[in-house]
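Residue numbers 1 to 270, in our numbering, belong to the letters of the sequence shown in order. All residues carry an ideal CB built from backbone N, CA and C; glycine is no exception.
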Amino acid sequence: MADKLMRKFLVAAGKPLSLASFPTDDTLGWDKDSAKGELAKTISLMSFEQHRLMAEAKQSLLIVLQGRDASGKDGLVRHVMTGMNPAGVQVTSFKVPAGTERMHDYLWRCHAACPAKGEVGVWNRSHYEDILVPRVKNLVDDETWSRRYRHIRDFEHMLVDEGTKVIKFYLHVSHEVQRQRLQKRIDNPESSWKHDPSDLTDRRIWPLYENAYEDVMRETSRPYAPWYVVPADVKWSRDLIVAKIILNALQAMDPQVPAPDDSLKGITVE
Ligand code: AMP
Ligand code: MG
Numbered sequence: 001m002a003d004k005l006m007r008k009f010l011v012a013a014g015k016p017l018s019l020a021s022f023p024t025d026d027t028l029g030w031d032k033d034s035a036k037g038e039l040a041k042t043i044s045l046m047s048f049e050q051h052r053l054m055a056e057a058k059q060s061l062l063i064v065l066q067g068r069d070a071s072g073k074d075g076l077v078r079h080v081m082t083g084m085n086p087a088g089v090q091v092t093s094f095k096v097p098a099g100t101e102r103m104h105d106y107l108w109r110c111h112a113a114c115p116a117k118g119e120v121g122v123w124n125r126s127h128y129e130d131i132l133v134p135r136v137k138n139l140v141d142d143e144t145w146s147r148r149y150r151h152i153r154d155f156e157h158m159l160v161d162e163g164t165k166v167i168k169f170y171l172h173v174s175h176e177v178q179r180q181r182l183q184k185r186i187d188n189p190e191s192s193w194k195h196d197p198s199d200l201t202d203r204r205i206w207p208l209y210e211n212a213y214e215d216v217m218r219e220t221s222r223p224y225a226p227w228y229v230v231p232a233d234v235k236w237s238r239d240l241i242v243a244k245i246i247l248n249a250l251q252a253m254d255p256q257v258p259a260p261d262d263s264l265k266g267i268t269v270e
């Protein structure tokens, strides 16, 4: 089941990609109530594997979340990642680089946020912003942002070689559902604090982001660090799809709890 899911939403390496060909509202024939039960089951299996990952302390998992404003990156962190032991999960939200970050190369802050051995790192936005934003906003020349594909492929390959599994999700929300969610945020006094005027500016250049995302995923989806385009118009199926793919990744890592130490045999705690 998870294998089928992964194939369905996987971005093929190096092939031209059209986001329009990926669904935004596919719920895979699931219904909301049973999906909730299935999500709880999936999260508890994730948590079991994460416990073994911490015990083994040899591998790391890096989960990259990208997507437009209101595509559900924060919701996913809240509903899916919180099922794991927070002692072994580090969530990093990348904002517009500021202060010391601006005084370093763009990968500096990312490298510092990579999960240690035994840990899961969740990135809410990532180094991919350093291609997308400069490109659509013309902040640097074309050569500068386009050579970053190569930097990022090499960086991720290095992480993988050194024991980190890397999986990347693009939460694929439609133009109309984004409109509804941004409007709801503004209208609801409980959520209007989340409104950021730049969300509306970015919405106006939707097609520029669409092209930039398509190129980013074509250039950086590789078997060692794949991209998945997850339908994100429906929150409960979005959460379940991502959770199942993460569980599959953890199971493939197959972390091993260290064997009991023979010298412990016969010790009695008094
Ligand atoms: P949000 O995640 O929507 O709360 O806001 C974060 C904002 O920071 C978004 O508008 C991102 O596009 C922006 N951002 C994150 N990383 C970068 C970056 N490396 N360069 C430029 N903008 C960035
Ligand atoms: Mg925003």
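query = In chain order, what are the residues with a CB under 5 Å from some non-hydrogen atom of the ligand MG?
reply = Per the Cβ criterion, the list is Asp69, Asp196 and Asp199.
ask   = Three-state secondary structure (DSSP) at Trp340?
value = The displayed coordinates of the chain run from 1 to 270. Any statement about residue 340 would go beyond what the structure contains.
key: Paired residues, beta bridge with Trp227 - DSSP   = Note: Trp227 sits in a beta bridge opposite Lys168.
ask   = Any heavy atom of the ligand AMP closer than 7 Å to the CB of Phe94?
value = True, at least one ligand heavy atom lies under 7 Å from that Cβ.
Run of the beta strand (DSSP E) containing Val122, from where it starts to where it stops = Looking at the DSSP string, the run of the beta strand (DSSP E) that includes Val122 is Val120 to Asn124.
request  = For Trp236, collect the residues of the same chain with a Cβ closer than 6 Å to its Cβ; drop the 5 residues on either side in sequence, then sort them by chain order.
outcome  = Closer than 6 Å at the Cβ level, and outside the excluded window around Trp236, lie Lys32 and Ala35.
ask   = Which of the three DSSP states, helix, strand or coil, is assigned to Val177?
value = For Val177, the secondary structure class from DSSP, reduced to helix, strand or coil, is helix.
message = Using only the alpha-carbon positions, how far apart do Asn211 and Met81 sit?
response = If you take the alpha carbons of Asn211 and Met81, they lie about 29 Å apart.
Alpha-carbon to alpha-carbon, Ser93 and Tyr228 = Rounded to whole angstroms, Tyr228 to Ser93 spans 20 Å at the Cα level.
message = Is Pro97 close to the ligand AMP? I mean its beta-carbon at under 7 Å from any heavy atom of the ligand.
response = Answer for Pro97: yes, Cβ within range of the ligand AMP.
message = For Arg222, list the residues DSSP reports as bridge partners.
response = Per DSSP, Ala225.
ask   = Tell me which same chain residues have a C-beta within less than 8 Å of the C-beta of Asp3, skipping the five on either side of it?
value = Cβ within range, chain order: Asn248.
ask   = Can you tell me whether DSSP reads Ile246 as helix, strand or coil?
value = Secondary structure at Ile246: helix, using DSSP grouped into helix, strand and coil.
task = Give the DSSP-derived three-state secondary structure of Thr92 in the structure shown.
result = Three-state result, Thr92: strand.
message = For the pair the stretch 175 to 183 and the stretch 52 to 72, tell me if three or more CB-CB distances fall below 8 Å.
response = A contact exists between the stretch 175 to 183 and the stretch 52 to 72.
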